[in-house]
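Trainee: Mind having a look at this structure? Questions to follow.
4 protein chains.
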Amino acid sequence: LESAPIDEAAETPTERDFDYNRTVALSDGVFAIALTLLILNVAHPGGGSFGDRVSDVAPALGAYALSFAVIGMLWMRHHALWRDMRRIDGRLVTLNLVYLGLIAFIPYPTGLLSDQGDVSFSVVVYAATLSLTAFVAAGTRVYCSRRGLLKPGSISASEAASRPFIVAGVFAISIPIAFVSPSAAEWTWLLLLVFGVRRRRLTGR
Amino acid sequence: LESAPIDEAAETPTERDFDYNRTVALSDGVFAIALTLLILNVAHPGGGSFGDRVSDVAPALGAYALSFAVIGMLWMRHHALWRDMRRIDGRLVTLNLVYLGLIAFIPYPTGLLSDQGDVSFSVVVYAATLSLTAFVAAGTRVYCSRRGLLKPGSISASEAASRPFIVAGVFAISIPIAFVSPSAAEWTWLLLLVFGVRRRRLTGR
Amino acid sequence: LESAPIDEAAETPTERDFDYNRTVALSDGVFAIALTLLILNVAHPGGGSFGDRVSDVAPALGAYALSFAVIGMLWMRHHALWRDMRRIDGRLVTLNLVYLGLIAFIPYPTGLLSDQGDVSFSVVVYAATLSLTAFVAAGTRVYCSRRGLLKPGSISASEAASRPFIVAGVFAISIPIAFVSPSAAEWTWLLLLVFGVRRRRLTGR
Amino acid sequence: LESAPIDEAAETPTERDFDYNRTVALSDGVFAIALTLLILNVAHPGGGSFGDRVSDVAPALGAYALSFAVIGMLWMRHHALWRDMRRIDGRLVTLNLVYLGLIAFIPYPTGLLSDQGDVSFSVVVYAATLSLTAFVAAGTRVYCSRRGLLKPGSISASEAASRPFIVAGVFAISIPIAFVSPSAAEWTWLLLLVFGVRRRRLTGR
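Chains as they are written, first to last, in the working numbering: chain G, 8 to 212; chain D, 8 to 212; chain E, 8 to 212; chain S, 8 to 212.
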């Protein structure tokens, strides 16, 4: 509703540190809380035998593990981007807030997958959320690179942004698939594992 | 219930840093948690077609996006105020706690808007909360300015406080309107966008 | 289940800082989350007129404001104690965890007051929680003072601990009263305001 | 899904501090939130006399106290490990995220114990979670020690990891017992107290 309050022109190094430190602290807080709220989506099992209870909670446990891994990985990438940051500006802070709004949103589609994982709506919302999140992450890196906010010698924007663009693409492709078959869409996501493993083999990282 | 424990007379610079750092840390914590709790207000959709589910959750998604943007913007302004702070006193810490009590309250009217957005009560509580929050923000800046807590060269109190006073005013005006028509009151809030855009054009920020 | 892992004998100044900083960070985190979770106790109103809805949520709003003020005040006092800390030991870290367990518990009796504020059980649990919290706070200060953990020139233990002991006493006295009349017990709590105001007049703080 | 982004080869001391500080900050955040979410598992009592209400909530209060003590103790041990850390690598950050995923999971079996503490499923899930958590903690210490990530003079891996391995073992043993008798399994956990006390007597810590 208003312009960003962080005006780089007036900044001393100390003020830059303050902006930087509080932005990182808020981000770490949102990541930590989003990670920890995921557990609220795992409902208690209904009655029945031990096996009944296990199969009752299994989808929710799977969704918990998936989203915890996803948010954890996104935190590591956020961490890697901000480690390379030389200075920040108001627009980056706004972009980062949009990104945090998507991170804080992830517990919702996780809950949908836990409760109603067999309907298209749940799988579409999950895939759309992660596609958008990866897209904003890639866009943020491109923005930082274009505005010269990164330290010299940082990984190039095109190289660094290619991975989140691939993630965004795979999740986007799974959306139309989910309208036909929710579980086929979930299998599509495994493509990411394949890309990740191949890349690691090729680059040695 | 008791006087503020922070006694500026006895302070060394290190103690001032400690007071300052913990107050900022608590504030960032409350902002991060309030942002992240918003998602708990978005209920799972009932059954029906894909379209039914979308229209089921649309108001809650809108309320989530609105409140995330509002709290994010308030965090940026809190950030800008505390960046300018030269020293703090007990009364400021108390004022800041009252302010955090309002920030932590925002998830509640957000939930009302999500569930019962068409009744006056929900819209009135939302508008009253944000009006009060903006009013306390403006009052805090005036207080800091009068007590000489800000760094020399900081933006003047009257200039800095004018924006939150406008926000407080617009939300206050929407309260009587909400008794007649809740949705008309929500349209009133768009005035803020107009003010924001115009201001940016005039001042170049 | 095991002895405290922080062994002061082996500590360098840097390690002391690390222990200290993480303990303060965990404490600020628990305070911030306890403050922010309070809002989950405020239920949405049932139907009816605007006035019906207001009286529906009024007790919960009162309980929210009361507990936010109480936790905020306890945070200020925790802050004041830790500002005076010269070094910490394992037993203090354990005592602090017990204290944080009580702080994190406060949302529960707050929810009882919101929902079932007219039964003895709710008022007794609230009063017992705050009495115990104040008692542990007083005990922690006495412990720090006896073990020489505070900076020289800090406020004396007997003086500093007298206020939390009074708070513990007033809440303890209200417990038997709550068995006869829950609302009479709540009025007893106002004694604390009287003590606070009188003290401030006498001491000028 | 991708390799860890933290590449130790390229690190300057400042970057190492950044990685370290953010990892500790995220960990403290997850610990603080897991501790504070435990209270959401304590349900309000149904009606009846004061005594009825007490026995209604007693199991949930016991589970709250148990899990708060457990998470608090795990935080102290995490703290002790990270105090000894000289540098970190990507695999340690991943291991730490797995560990945090287990810490953030603890509120779920705590809720099971509160609500359905008399069925095998609840006790098995609780014991399995804590066994796995202790196992990952022990494995993390062994990993750090083998890769030379700890400061010279740190406690040896075999000595430091023996305690979490004992904890993992006791909880693992209680799992088959819980299939026969849930309460017998809970009594098994008291063995840990015995080990703790004996150890402290032998080693003086």
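Glycine included, every Cβ here is placed at the ideal spot set by N, Cα and C.
1. Take S:A135 and list the residues in its own chain whose beta-carbon comes closer than 7 Å to its own, dropping the five residues that flank it on each side.
2. At which residue ranges does the stretch 149-178 of chain E contain complete alpha helix (DSSP H) runs of 4 or more residues, listed in the order of the chain?
3. Taking Cβ positions, are D:L120 and D:S127 nearer each other than 7 Å?
4. Taking the alpha-carbon positions, what's the E:V177 to E:L107 distance?
5. Is S:I78 closer than 7 Å to S:A241 when the C-beta atoms are compared?
6. Out of curiosity, what's the CA-to-CA distance linking S:L68 and D:D35?
7. Identify the contact partners of G:F38 in chain S, using a Cβ-Cβ distance below 8 Å as the criterion.
8. Could you tell me which residues DSSP pairs with S:M92 in its beta bridges?
9. So, is the C-beta of S:A41 closer than 7 Å to a C-beta in chain G?
10. Count the other C-beta atoms from every protein chain shown that fall within 10 angstroms of the C-beta of S:W82, then say buried if there are 16 or more, exposed otherwise.
11. What are the residues in the stretch 88-109 of chain E lying within 7 Å of chain D by C-beta distance?
12. Apply the 10 Å Cβ neighbour rule to D:D24 and answer buried if 16 or more other Cβ atoms are within range, or exposed otherwise.
13. Just how far apart, CA to CA, sit S:W89 and E:A168?
14. Using the three-state DSSP reduction, which class does E:A191 fall into: helix, strand or coil?
15. May I have the straight-line CA-CA distance separating D:N28 from D:A144, to the nearest angstrom?
16. Measure the CB-CB distance between G:T140 and G:L104 and report whether it falls below 7 Å.
17. For G:A16 and E:S56, I'd like the C-alpha separation in whole angstroms.
18. Between S:D125 and S:P189, is the Cβ-Cβ spacing less than 7 Å?
19. Where S:D63 and S:M80 are concerned, what is the direct C-alpha to C-alpha distance, given to the nearest angstrom?
20. Which residue wins for smallest C-alpha separation from E:T147, given the options E:L73, E:A87, E:A185, E:A70?
21. If you run the structure through DSSP and keep just helix, strand and coil, what is S:E9?
22. Where E:K1 and E:V149 are concerned, what is the direct C-alpha to C-alpha distance, given to the nearest angstrom?
23. So, is the C-beta of S:S138 closer than 7 Å to a C-beta in chain G?
24. Quick check: what's the CA-CA separation for E:R212 versus S:F38?
25. Starting from the C-beta of D:A70, find all residues in its chain whose C-beta is less than 6 Å away, skip the five residues before and the five after it, and write them out in chain order.
26. Measuring alpha carbon to alpha carbon, tell me which of S:F186, S:C151, S:V174 ends up nearest S:R94.
27. Tell me the rounded alpha-carbon separation between E:D91 and E:L156.
28. For G:A175, which residues of its own chain have a beta-carbon under 7 Å away from its beta-carbon, when the five flanking residues on both sides are left out?
29. Ignore the nearest five residues each way along the sequence and tell me which others in D:A50's own chain have a CB closer than 7 Å to its CB.
30. With E:L33 and S:T43 assumed to form a contact (beta carbons below 8 Å), what rounded beta-carbon distance in angstroms separates them?
31. For G:A179, collect the residues of the same chain with a Cβ closer than 7 Å to its Cβ; drop the 5 residues on either side in sequence, then sort them by chain order.
32. In its own chain, which residues sit with a C-beta less than 8 Å from the C-beta of G:P114, not counting the 5 before and 5 after it?
33. Which residues of chain E have a Cβ atom closer than 8 Å to the Cβ of D:F128, listed in chain order?
34. Distance cutoff 7 Å, beta carbons only. Does S:L75 sit that close to anything in chain E?
35. So, with DSSP's three-state summary, where would you put S:S129?
36. Cα separation between G:L200 and G:W194?
Mentor: Taking the geometry as given:
1. I182
2. none
3. no
4. 21 Å
5. The structure shown does not extend to residue 241 of chain S, since chain S is modelled only from 8 to 212, so the question has no answer here.
6. 30 Å
7. L33, G36
8. S:L157
9. yes
10. buried
11. R90
12. exposed
13. 34 Å
14. helix
15. 20 Å
16. no
17. Residue placement at G:A16 is poorly supported in this model, since its pLDDT is 45, which falls under 50; the coordinates are not used for a value here.
18. yes
19. 28 Å
20. E:A87
21. Summary for S:E9: the model assigns pLDDT 35, below 50, so the residue's position carries little reliability; its value from the coordinates is reported in the next sentence. Note: S:E9 maps to coil in three-state DSSP.
22. Residue 1 of chain E is absent from the structure shown; chain E starts at 8 and stops at 212.
23. no
24. Here the model assigns E:R212 a pLDDT of 45, short of 50, so the residue's position is not dependable and the matter cannot be decided.
25. T117, L120, S121
26. S:C151
27. 9 Å
28. S138, A141, F142, A145
29. A67
30. Contact doesn't hold; Cβ gap of about 11 Å is too wide.
31. S138
32. A41, L44, L45, L47, N48, S74
33. P52, F57, R60, V61
34. Correcting the residue type first, residue 75 of chain S is Phe in the shown sequence and not Leu. Yes, because at least one Cβ of chain E sits closer than 7 Å to the Cβ of S:F75.
35. helix
36. 11 Å
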